Amino acid sequence: MKKDLEINSEEIDILKELGNIGLGNATISLSEMLKDEKIKMLVPDVSLISLAEVPDLVGGPEKPVAAVFSRAIGEASFFLIFLMPEKSALNIIKALTEGIREEFCSLGRSVIREVGNIVSASYLNALSFLTDSAYRQTPPILAIDMAGAILGTIFAEASIIEDSILMVKTSFSTEVNDIEGCLIIVPHGEGLKKIVDILGLELKK
Amino acid sequence: MSKVLIADDTAFMRMTLKNILEKNGYEVVGEAEDGVQAIEKYKELNPSLVTMDITMPNLDGIAAIKEIVKNDPEAKIVVCSAMGQKALVIEALNAGAKDFIVKPFQPDRIIDSLKKFQ
Amino acid sequence: MITQVRIAEVVVQRESGLLITVGLGSCVGVGLYDPVTRTAGLAHILLSDSRQFNGKSSNLLKYADTALPLMMDKILKEGALKKNLVAKIAGGSQLFKYNITGGVSNESVGKKNIMAVKKALLEMSIPLLGEDVGGNYGRTMRMHVASGQVEISSLEGYIKLL
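Protein chains in written order, with my numbering: chain A, 1 to 205; chain B, 1 to 118; chain C, 1 to 162.
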């Protein structure tokens, strides 16, 4: 029987640092898209929690959110979930279409998907640079619905069913356009230890 | 007028690129949503320039570049992708891309790049 | 008393109050009810088949094939009688247009879950009185313990009574 995932405090620190560096790169991209708006980053949150508790991480299972999901494949593999409350998603559509759209029509949904794509990719670019290895991403897909429904679907379809799931959540917010969101990384598979080791060495330099 | 084919799986990105290109005097003759369509439309439309995303369903951009360049070694393809990793940039350039632009980008960046290859 | 039932949980309650499970995407909410003793049970199923995931998780309440018999045991212990039991289900939708793992799949997890739940209910000889399943949106399921009535709602604002 597979052992429950164990993680010590040094590993948590490394993952937090990864969260910071990845989000840092992602916020540079976000800021550029939002005409150089200042983006505030929050301290990354590393949690080892049960499936049932996951929706609470993002505001509760009933919260209406837009989520963009993709899978990163490289030395380690993990899932990336970019998540925004519905209101923020509408605000970002408005900002990026220069006011032409402010709804979840086909173009609006396409905007969210692209933002999710760029944020996830920026994150992976930072990881790639740090570990000097490549990370590809599957084409991002979008769902707009209750957080619990989306997260449950992701876990079921991706077979993430362990009793404890490791999640690295990095959050950002902006003032001018009133946009907040987070990127959740769910390491999955054997590569986690490897990545933590490599990162640990890199960060010590 | 230079004819451009845009390949990207996101409608918003295709629209953004189209606006930038048309504002700068280029003619967008076609759009592709994945690598398979990119290959087909290249054959069909014979554009002078291509902008190519990498992460696309069905067939990714690098595979599409290889196929297009195989049939047309003179093809002028500029990659436009969010994946800005050293290994991937090298892979794209080795496959035959002429330049690699990382998203998000300023309009000037892509126009300057396309100008070089006309 | 209002009791939340989260992913991979089962709750049994008697006589009064509300059992709620929020955010059913591909998951299926299964309500069991004995109208005579007014005993209700609600499960939030994530996957169809426990045998596919050998030992990866010790929580058997995730899977339709193991959770439903366990829920039945629990509800019978609370005083319900098997011959009275009826079921109502909701969920099993497909939220993402494309397959999440990037591969080719014949059936979404949601559909598999619906089939597995129905199969389990059949095997336990519990009649299915009502269902609100499929589609591409998330649902919330509310079960009134005093009456056994179930309300299904979605973000779009519709309400269906089972």
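In this text, a Cβ means the ideal position worked out from N, Cα and C, and glycines have one as well.
Fair warning: this is a prediction, and the values are worked out from it, not measured in the lab.
| request: To the nearest angstrom, report how far apart E9(C) and A43(C) are at their CA atoms. | output: Reading the third sequence from its first residue, position 9 is the one you call residue 9(C). Reading the third sequence from its first residue, position 43 is the one you call residue 43(C). So the alpha carbons of these two residues sit roughly 6 Å apart.
| Residue range of the beta strand (DSSP E) that Q191(C) falls in? | Because chain C in this structure spans residues 1 to 162, residue 191(C) falls outside the shown range and cannot be described.
| query | Can you find a CB in chain B that lies within less than 8 Å of the CB of V176(A)? | reply | Within the first sequence, the letter at position 176 stands for residue 176(A). It does not; no Cβ of chain B falls within 8 Å.
| message | Would I161(A) pass as an interface residue toward chain C - the criterion being a Cβ-Cβ separation below 8 Å? | response | Start at 1 with the first residue of the first sequence, and residue 161(A) comes out as number 161. So yes, I161(A) belongs to the interface.
| said: I'd like the span of the alpha helix (DSSP H) that includes G19(A), first residue to last. | reply: Taking the first sequence and counting its residues from 1, the one referred to as residue 19(A) is at position 19. It spans 9 to 33 - the alpha helix (DSSP H) in which G19(A) sits, taken as one unbroken run.
| task | Starting from Q13(C), follow its DSSP beta bridges and name the residues at the other end. | result | If you number the third sequence from 1, residue 13(C) lands on position 13. Q13(C) is bridged to A40(C).
| request: Can you tell me which of the three DSSP states M1(A) falls into? | output: As a working note, residue 1(A) is residue 1 in the first sequence. Summary for M1(A): the model assigns pLDDT 35, below 50, so the residue's position carries little reliability, and this model does not support an answer.
| Name the chain A residues that come within less than 8 Å of G61(B), Cβ to Cβ? | If you number the second sequence from 1, residue 61(B) lands on position 61. Those within 8 Å of G61(B) in chain A number zero; the least Cβ separation is about 11 Å.
| task | Could you tell me whether the Cβ atoms of L23(A) and V58(A) are closer together than 8 Å? | result | Taking the first sequence and counting its residues from 1, the one referred to as residue 23(A) is at position 23. Taking the first sequence and counting its residues from 1, the one referred to as residue 58(A) is at position 58. In this structure, V58(A) does not lie closer than 8 Å to L23(A) by Cβ.
| query | How is T174(A) classed by DSSP in three states: helix, strand or coil? | reply | To locate residue 174(A), count along the first sequence from 1; it is residue 174. Of the three classes helix, strand and coil, the one that applies to T174(A) here is strand, per DSSP.
| request: Could you say which of V117(C), K118(C), K119(C), Q94(C) lies nearest to E107(C) if we only look at CA atoms? | output: As a first step, residue 107(C) is located in the third sequence; it is residue number 107 there, counting from the start. Selected option, being the one with the closest Cα: Q94(C).
| Start and end residues, alpha helix (DSSP H) containing T153(A) | Position 153 of the first sequence, counted from the first residue, corresponds to residue 153(A). Looking at the DSSP string, the run of the alpha helix (DSSP H) that includes T153(A) is 147 to 157.
| task | Find the residues of chain A that neighbour E9(C), judging by a C-beta separation of less than 8 Å, and give them in chain order. | result | Within the third sequence, residue 9(C) is the residue found at index 9, counting from 1. In chain order: A52.
| said: Could you check whether the Cβ of Y123(A) sits closer than 8 Å to any Cβ belonging to chain B? | reply: Here the question's residue 123(A) lines up with position 123 in the first sequence. No, Y123(A) does not count as interfacial toward chain B.
| said: Would P85(A) and K63(A) be called neighbours here (beta carbons separated by less than 8 Å)? | reply: Taking the first residue of the first sequence as 1, we reach residue 85(A) at position 85. Taking the first residue of the first sequence as 1, we reach residue 63(A) at position 63. Closer than 8 Å, so yes.
| Cutoff 8 Å: E202(A) Cβ touching any chain C Cβ | Position 202 of the first sequence, counted from the first residue, corresponds to residue 202(A). Closer than 8 Å: no.
| task | Under 9 Å between beta-carbons, which chain A residues line up against T55(B)? List them in chain order, please. | result | Counted from its first residue, the second sequence places residue 55(B) at position 55. Going along chain A in sequence order, the residues near T55(B) (Cβ under 9 Å) are S70, N117, A121, R136, Q137, T138, P139, P140.
| field | Bounding residues of the alpha helix (DSSP H) (the contiguous stretch that carries R101(A)) | value | Sequence index remark: in the first sequence, residue 101(A) carries index 101 (1-based). Segment: none, R101(A) is in no alpha helix (DSSP H) and carries neither H nor E.
| said: Please list the terminal residues of the continuous beta strand (DSSP E) segment that includes K3(B). | reply: As a position in the second sequence, residue 3(B) is number 3, starting the count at 1. 3 to 7 is the span of the beta strand (DSSP E), which, as asked, contains K3(B).
| query | For the beta strand (DSSP E) that contains A63(B), what are its first and last residues? | reply | The residue you call residue 63(B) lines up with position 63 of the second sequence. Element bounds for A63(B): not the beta strand (DSSP E) but the alpha helix (DSSP H), 61 to 71.
| message | Suppose contacts are defined by Cβ-Cβ distances below 8 Å. Is I195(A) in contact with E75(A) by that definition? | response | Against the first sequence, residue 195(A) aligns to sequence position 195. Against the first sequence, residue 75(A) aligns to sequence position 75. Against a cut-off of 8 Å, the Cβ pair of E75(A) and I195(A) comes out as a contact.
| query | Shorter than 8 Å from the beta carbon of V109(C) to some beta carbon of chain A? | reply | Start at 1 with the first residue of the third sequence, and residue 109(C) comes out as number 109. Yes, contact with chain A.
| Neighbour flag for G84(B) against chain A, beta carbons, 8 Å | Counting from one through the second sequence, the residue named residue 84(B) turns up at place 84. G84(B) counts as touching chain A.
| query | Leaving out five residues before and five after K112(C) in sequence, what residues of the same chain have Cβ atoms less than 6 Å from its Cβ? | reply | Indexing the third sequence from 1 puts residue 112(C) at position 112. Within the same chain, K112(C) has close Cβ partners S48.
| In angstroms, rounded to a whole number, what distance separates the CA positions of K18(B) and L5(B)? | Within the second sequence, numbered from 1, the residue matching residue 18(B) stands at position 18. Within the second sequence, numbered from 1, the residue matching residue 5(B) stands at position 5. Distance between the alpha carbons of K18(B) and L5(B): 10 Å.
| task | Can you tell me which of L34(A), F78(A), L48(A) puts its alpha carbon nearest to the alpha carbon of G189(A)? | result | The count along the first sequence starts at 1 and reaches residue 189(A) at position 189. The residue with the shortest Cα to Cα distance from G189(A) is F78(A).
| Is the shortest distance between the beta-carbon of L107(A) and the beta-carbons of chain B less than 8 Å? | Position 107 of the first sequence holds residue 107(A). Answer yes: the Cβ-Cβ gap between L107(A) and chain B drops below 8 Å somewhere.
| request: Please go through the same chain and pick out, in chain order, the residues whose beta-carbon is closer than 6 Å to the beta-carbon of S70(A), but skip the five residues on each side of it. | output: Sequence index remark: in the first sequence, residue 70(A) carries index 70 (1-based). The answer, listed in chain order, is L80, S120, Q137, T138, P140.
| query | So G130(C) is in the alpha helix (DSSP H); what residue range does that whole segment cover? | reply | As a working mapping, residue 130(C) is identified with position 130 in the third sequence. Counting along the chain, G130(C) falls outside any alpha helix (DSSP H), though it belongs to the beta strand (DSSP E) covering 128 to 133.
| query | Less than 7 Å between the CB of M41(A) and some heavy atom of the ligand FAD, yes or no? | reply | Because no ligand of any kind appears in the structure shown, any question about the ligand FAD cannot be addressed here.
| task | Name the one or two DSSP bridge partners that Q137(A) has. | result | Against the first sequence, residue 137(A) aligns to sequence position 137. A72(A).
| CB-CB under 6 Å to L128(C), same chain, minus the five flanking residues each way: which ones, in chain order? | Within the third sequence, the letter at position 128 stands for residue 128(C). The residues are A87, L121.
| message | Let me confirm a value: A72(A) is counted as buried when at least 16 other C-beta atoms fall within 10 Å, else exposed. Which label applies? | response | Looking up residue 72(A) in the first sequence gives position 72. Label assigned to A72(A): buried.
| Would a check of beta-carbon distances place V168(A) closer than 8 Å to chain B? | Taking the first residue of the first sequence as 1, we reach residue 168(A) at position 168. No - not a single Cβ of chain B is within 8 Å of the one on V168(A).
| Using the beta-carbon count (16 or more within 10 Å), is G92(C) buried or exposed? | Stepping through the third sequence from its first residue, residue 92(C) is reached at position 92. Looking at its Cβ environment, which holds 16 or more other Cβ atoms inside 10 Å, G92(C) is buried.
| query | Any chance the region 112 to 119 of chain A sits against the region 10 to 26 of chain B, with 3 or more Cβ pairs inside 8 Å? | reply | yes
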